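Protein chains in written order, with my numbering: chain A, 7 to 429; chain B, 1378 to 1796.
Here it is in structure tokens:
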């Protein structure tokens, strides 16, 4: 099916390849660099699952999705990076809460690189030896994140919000959890979540549609129907706690604070997200009275930022940066949301709408931007331009209704990272 | 594609127009280039931020928001012995905004730069205090990130007593003494003496934007001139510095110097850098990370202005010795010609893709051209990419051999106390 957005001047086609894979094509004529992403709907929050044919659930130790991402680059013949090097393409992969994306961008040899992408992701190779090697590398990645206060303050915030959702667990897992990974476990997970029926290929840029599809015909085998049952425990609306602090080697405290929100349905999502982002801008965007008050009194600096954060396993409004007094900042943000419920002026609404529409247009500036948005929307079960176009059609009443029904000061938490207390 | 050339529009003010119709936004980047010195670094660093406030902080932000969310971004960078104060403005193209925002935005940008609120030769106290606090906050935020901190510490040690050894924002203790008067003087000095580089990327409106800048910056000036950066002298000995903090992973930085430095032909050095520690098939990635499994990141960056090659890595402290030896061995291996023709081809393709890709991002394209202007090279990204084809194996070997180890810096965790 072809989707066109006149507002954005963008076109995306979504089709089902006969192998079972969904192919998403975002045409951007004149692009100098093309993007391709081969993405599995499987991330760090998928910690318990079974296939319809299985009797019992498989428990997945923390960090496996990310570990598998690292390992997939290897084959019996060597690693995929060496193959990509022959094309000049810049390749990488990323594991998030709800997906694992293997991607490259390139200015030349696009179809050669696409072949490599389709091949290496569909040919796993796991041995005890290569797993042991990766445990050392990922162990250092985990330690790197342990020293990053910005990473810790975010995960601690999610930990204060979520009882059951595995978003609160570090995507990389722990050194202890990854030591339990075996080839058998990786194969079991791979054969389930990396079924082409649980994946999408996104191509964005200036490319020939037929060539992409014929490469899919050539490289991909038919995948039988599969039904993955993910055992996600329902998440209660309440917080776990409203404050969490960790001491690390920092010279200025860091903080993240915000509201736990209900996870909207796919149908609600575009307007829900646009309204949520707009409320953040109204309350504490650069043009708000509070931003100036906090900035001028040195309680925040220009690194401060915020917005709506979500995945398949969570949805929240989050604000953060560095501050000498995070508690004061958090209290004032909460008060600003309370003030918004007294009424939003037409002038403020139209200013914020103008700002966010500009930001959305900006996010379509590159093939990688357009491609990722399309992928995100597909996995959420939303049409490709629905999120972006929701900003252009947003009404003040959408904000008012979100404020009245979705935002609760009882669901506001603060996470801080402060320096070690001097003994 | 027509040749891109900075056009002198006033005394030491040049305007570089890059015609590009691909993006949904256009960008104007204004860069004031000044000498980086201990006395002026801190007051200068506050300027881009204080100027972006305009007459009224909130009114300015709201005006930008109403211009389809035009983004105004104040920044400070250091390039060799220079401090670059930048204000970038990015805004939606007229076909999407349904009206031409460019003239108003360019006027606003010029007003912010040339007409800040002031009284009796001083910036207003509240503006001064707020922006001093902000820059101090940015300095502290960089110290919070230990990987960034380790690179900064190693740079400061390697370039001790030289401009590049200074923090781009100046030192924290210099901010207490700053007041509205000192900042106002720094601003006057910036307008009078800085070399000004304006970069415009868009498809229409370049002439109009240029005229607006001529109107505001066209007066008589006394621009500063920059000499060539001094070439470092090769040295047999290297320094070792170890610092300790309460962290879990050691950050190992190895700083090498080379006499390969602007304005020479640096293509071979770039290929060597990419082969050494640039890509995911580089010597550092495939040996220190993949073969020895010592780290997650281990890569090399290169500063063409200074001839500085810096390896940045995070390892367990007990593995530091092994990592150091391996890093050094990889550079030596390149000097000994221990690499295949396919390795060089891969390194060249990697670089060529990076150079050509800059045309695909407004920010990267803008940064690319500023760097070319400051280097005086003015190669197009595609021209630069093509030029790597001519680099030979012998040139790569010579580039590796030209490097010497200058400093090994280690930021590690606290040692257990033994009593």
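Glycine included, every Cβ here is placed at the ideal spot set by N, Cα and C. Everything numeric in this text was worked out from a predicted model, so none of it was measured.
| query | result |
| --- | --- |
| Going straight from the alpha carbon of residue 1635 of chain B to that of residue 1681 of chain B, what length do you get? | 10 Å |
| Any idea if residue 1730 of chain B is buried or exposed, counting beta-carbon neighbours within 10 angstroms, 16 or more meaning buried? | buried |
| Quick one: any contact between the stretch 1440 to 1453 of chain B and the stretch 1550 to 1570 of chain B, if contact means 3 or more CB pairs under 8 Å? | no |
| Could you spell out the range, first to last residue, of the alpha helix (DSSP H) harbouring residue 408 of chain A? | 402 to 411 |
| Using the C-alpha atoms, what's the distance from residue 144 of chain A back to residue 1796 of chain B? | Because the pLDDT at residue 1796 of chain B is just 42, under 50, the model does not fix this residue reliably, and the value given afterwards should be weighed accordingly. If you take the alpha carbons of residue 1796 of chain B and residue 144 of chain A, they lie about 34 Å apart. |
| What is the DSSP secondary structure of residue 393 of chain A, reduced to helix, strand or coil? | helix |
| In this structure, what does DSSP give as the bridge partners for residue 1742 of chain B? | None; residue 1742 of chain B has no bridge partner. |
| Output needed in chain order: residues of the stretch 1666 to 1684 of chain B with a Cβ under 9 Å from some Cβ in chain E. | The structure shown contains no chain E; its protein chains are A and B. |
| Please list, in chain order, all residues of the same chain as residue 1461 of chain B whose beta carbon is under 6 Å from its beta carbon, the five residues on each side excluded. | 1408, 1410, 1454 |
| Could you tell me which of B:1576, B:1523, B:1532, B:1513 sits nearest to residue 1542 of chain B, measuring between CA atoms? | B:1532 |
| For the stretch 1492 to 1518 of chain B, which residues have a beta carbon sitting closer than 7 Å to at least one beta carbon of chain A? | 1503, 1507, 1510, 1511, 1514, 1515, 1517, 1518 |
| List, from N- to C-terminal side, the beta strand (DSSP E) runs of 3 residues or more that fit wholly inside the stretch 252 to 296 of chain A. | 260 to 266 |
| Looking at the C-beta of residue 143 of chain A, does it have a partner C-beta in chain B at a distance below 7 Å? | yes |
| List the whole-angstrom C-beta distance separating residue 32 of chain A from residue 208 of chain A, where the pair is believed to meet the contact cut-off of C-beta under 8 Å. | 7 Å |
| Count the other CB atoms within 10 Å of the CB of residue 1626 of chain B; is the residue buried (16 or more) or exposed (fewer)? | buried |
| Please name the residue in A:11, A:312, A:52, A:127 whose C-alpha comes closest to that of residue 261 of chain A. | A:312 |
| Using DSSP's beta-bridge definition, name the partner residues of residue 109 of chain A. | A:43, A:98 |
| With 7 Å set as the bound, which would you pick, yes or no: does the beta-carbon of residue 343 of chain A sit closer than that to a beta-carbon of chain B? | no |
| Apply the 10 Å Cβ neighbour rule to residue 421 of chain A and answer buried if 16 or more other Cβ atoms are within range, or exposed otherwise. | buried |
| Check the Cβ-Cβ distances between residue 1726 of chain B and every residue of chain A, and say whether any is below 7 Å. | yes |
| Shorter than 7 Å from the beta carbon of residue 1460 of chain B to some beta carbon of chain A? | no |
| Considering only the beta carbon of each residue, do residue 321 of chain A and residue 247 of chain A sit closer than 7 Å? | no |
| Under the three-state reduction of DSSP, which class applies to residue 1795 of chain B: helix, strand or coil? | The predicted model places residue 1795 of chain B with a pLDDT of 48, which falls under 50 and marks its position as unreliable, so this point remains unresolved. |
| Skipping 5 residues on each side, what residues in its chain have a beta carbon closer than 7 Å to that of residue 1572 of chain B? | 1389, 1410, 1600, 1601 |
| Starting from residue 1649 of chain B, find everything on chain A with Cβ-Cβ shorter than 7 Å and list it in chain order. | The premise fails here: residue 1649 of chain B is roughly 16 Å from chain A at the closest Cβ pair, so nothing lies under 7 Å. |
| What's the C-alpha gap between residue 1723 of chain B and residue 1732 of chain B? | 14 Å |
| What residues in its chain sit with their C-beta under 6 Å from that of residue 37 of chain A, if we drop five residues either side in the sequence? | 211, 212, 373 |
| Near residue 1491 of chain B, which residues of its chain fall below 8 Å by C-beta distance, leaving aside the five closest residues on each side in sequence? | 1568, 1593, 1594 |
| What in chain A is Cβ-close to residue 1622 of chain B, meaning under 7 Å? | 255 |
| Does the stretch 364 to 382 of chain A come close enough to the stretch 409 to 416 of chain A to have 3 or more Cβ pairs within less than 8 Å? | no |
| Check whether the Cβ of residue 146 of chain A lies closer than 7 Å to any Cβ atom in chain B. | yes |
| Pairing CB atoms from the stretch 46 to 62 of chain A with CB atoms from the stretch 233 to 248 of chain A, are three or more of them under 8 Å? | yes |
| For the beta strand (DSSP E) containing residue 20 of chain A, list its first residue and its last residue. | 16 to 22 |
| Using only CA atoms, which one of B:1727, B:1744, B:1498, B:1778 lies nearest to residue 110 of chain A? | B:1727 |
| Name the DSSP bridge partner or partners of residue 10 of chain A? | A:17 |
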